[in-house]
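Engineer: Before we start, here is the structure in question, set down as structure tokens.
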């Protein structure tokens with residue numbers, strides 16, 4: 002059996018009162034040649050609001066992926082895994098760790114929920130600030146939950162709340178080439194992972210050399 006995946010997307014943006022707003026929708030239609038076992042469609046919706054001032058910026062990002070309402074899993078975005086999901090959120094646990102380039106790390110919100118059929122709802126706030134003497138600060142926080150904790154295509158989850166992540170990175174650049182930073186992230190795990198899930202965290206000291 003072969004599966005045909007067709008993707009259609011639309012994007013729009015505008016600026017009002019010094020705020021930049023944008024949105025995109027990606028629609029996927031799948032069909033099987035020999036049966037309807039792989040037939041299904043789904044979509045992904047992203048909405049953004051962003052503001053720049055001086056040496057700082059702030060971004061609000063909302064994401065929605067519906068739960069898979071098919072019994073065969075044909076409606077989920079599983080075929081869309083790239084290992085680079087939510088990479089601009091400054092998050093490292095529920096979003097992708099931007100500096101980890103040898104495969105995906107983090108992105109628990111999409112891998113554990115959306116791509117397993119539960120769908121995803123999330124709200125992320127992130128920002129960047131250039132400080133004096135070539136220091137900089139990056140930060141982010143996000144709240145995530147499954148769109149449905151009991152979809153037709155997956156087993157009943159313990160709950161809908163995936164969790165909340167807070168993250169920050171403080172660094173300094175030298176000679177425009179060397180970037181030394183300390184970054185950390187803490188994930189407050191929700192009832193999706195059990196009645197009393199253990200929180201998780203990540204701390205990284207990094208030297209990044211541009212060439």
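Numbering (this note's numbering), first residue to last: 2 to 212.
Each residue gets a CB set at the ideal place from its N, CA and C atoms; glycine is no exception.
Among residues of its own chain, excluding the 5 on either side of residue 12, which ones have a beta-carbon nearer than 6 Å to its beta-carbon?
Structural biologist: Working through the chain shown from its first residue, we reach residue 12 at position 11. Result list for residue 12: 25, in chain order.
Engineer: Can you tell me the Cα-Cα spacing of residue 154 and residue 188, whole angstroms?
Structural biologist: The count along the chain shown starts at 1 and reaches residue 154 at position 153. The count along the chain shown starts at 1 and reaches residue 188 at position 187. Distance between the alpha carbons of residue 154 and residue 188: 27 Å.
Engineer: Given this structure, state the Cα-to-Cα distance separating residue 119 from residue 166, to the nearest angstrom.
Structural biologist: Stepping through the chain shown from its first residue, residue 119 is reached at position 118. Stepping through the chain shown from its first residue, residue 166 is reached at position 165. The straight-line gap from Cα to Cα measures roughly 19 Å.
Engineer: Have a look at residue 121 and residue 162 and give me their C-alpha separation to the nearest angstrom.
Structural biologist: As a working note, residue 121 is residue 120 in the chain shown. As a working note, residue 162 is residue 161 in the chain shown. For residue 121 and residue 162, the distance between alpha carbons rounds to 10 Å.
Engineer: Would you mind working out which of 212, 22 and 99 sits nearest residue 52, comparing C-alpha positions?
Structural biologist: Residue numbering aside, residue 52 sits at position 51 when the chain shown is read from its first letter. The candidate whose alpha carbon is nearest that of residue 52 is 22.
Engineer: Please confirm whether residue 78 has its beta-carbon closer than 9 Å to some beta-carbon of chain C.
Structural biologist: Structure shown: chain C not included; a single protein chain is present.
Engineer: Using the beta-carbon count (16 or more within 10 Å), is residue 125 buried or exposed?
Structural biologist: Translated into positions along the chain shown, residue 125 becomes position 124. Result: buried.
Engineer: Quick check on residue 210: buried or exposed, where buried means 16 or more other Cβ atoms within 10 Å of its Cβ?
Structural biologist: Taking the chain shown and counting its residues from 1, one reaches residue 210 at position 209. Answer is exposed; the Cβ neighbour count stays below 16.
Engineer: Please confirm whether residue 141 and residue 96 have their CB atoms less than 9 Å apart.
Structural biologist: Against the chain shown, residue 141 aligns to sequence position 140. Against the chain shown, residue 96 aligns to sequence position 95. It is a contact, given that the beta carbons lie within the stated cut-off.
Engineer: Answer with buried or exposed for residue 93, where buried requires no fewer than 16 other C-beta atoms within 10 angstroms of its C-beta.
Structural biologist: To locate residue 93, count along the chain shown from 1; it is residue 92. Residue 93 should be labelled buried.
Engineer: By how many angstroms is the C-alpha of residue 212 removed from the C-alpha of residue 205?
Structural biologist: The residue you call residue 205 lines up with position 204 of the chain shown. The residue you call residue 212 lines up with position 211 of the chain shown. Rounded to whole angstroms, residue 205 to residue 212 spans 22 Å at the Cα level.
Engineer: Please go through the same chain and pick out, in chain order, the residues whose beta-carbon is closer than 8 Å to the beta-carbon of residue 1, but skip the five residues on each side of it.
Structural biologist: Outside the shown range of the chain (2 to 212) lies residue 1, about which nothing can therefore be said.
Engineer: Per the DSSP calculation, residue 199 is bridged to which residue(s)?
Structural biologist: If you number the chain shown from 1, residue 199 lands on position 198. Answer is none; residue 199 lacks a bridge partner.
Engineer: Are the beta-carbon atoms belonging to residue 68 and residue 148 less than 9 Å from one another?
Structural biologist: Position 67 of the chain shown, counting from 1, holds the residue named residue 68. Position 147 of the chain shown, counting from 1, holds the residue named residue 148. Closer than 9 Å, so yes.
Engineer: At what residues does the beta strand (DSSP E) containing residue 189 begin and finish?
Structural biologist: Working through the chain shown from its first residue, we reach residue 189 at position 188. From DSSP, the beta strand (DSSP E) with residue 189 extends over 179 to 190.
Engineer: Quick one: residues in its chain with C-beta nearer than 6 Å to the C-beta of residue 62, no 5 flanking neighbours on either side, listed in chain order?
Structural biologist: Translated into the one-based positions of the chain shown, residue 62 becomes position 61. Taken in chain order, the residues that qualify are 49 and 125.
Engineer: Please report the distance separating the alpha-carbon of residue 106 from that of residue 29.
Structural biologist: Position 105 of the chain shown, counting from 1, holds the residue named residue 106. Position 28 of the chain shown, counting from 1, holds the residue named residue 29. One C-alpha to the other measures close to 25 Å.
Engineer: Does the separation of the CB atoms of residue 86 and residue 111 fall below 9 Å?
Structural biologist: The residue you call residue 86 lines up with position 85 of the chain shown. The residue you call residue 111 lines up with position 110 of the chain shown. Closer than 9 Å, so yes.
Engineer: According to DSSP, is residue 110 part of a helix, a strand, or is it coil?
Structural biologist: Locating residue 110 in the chain shown gives position 109, counting from the first residue. Helix.
Engineer: Bridge partners of residue 54, per DSSP?
Structural biologist: Locating residue 54 in the chain shown gives position 53, counting from the first residue. Residue 54 is bridged to 57.
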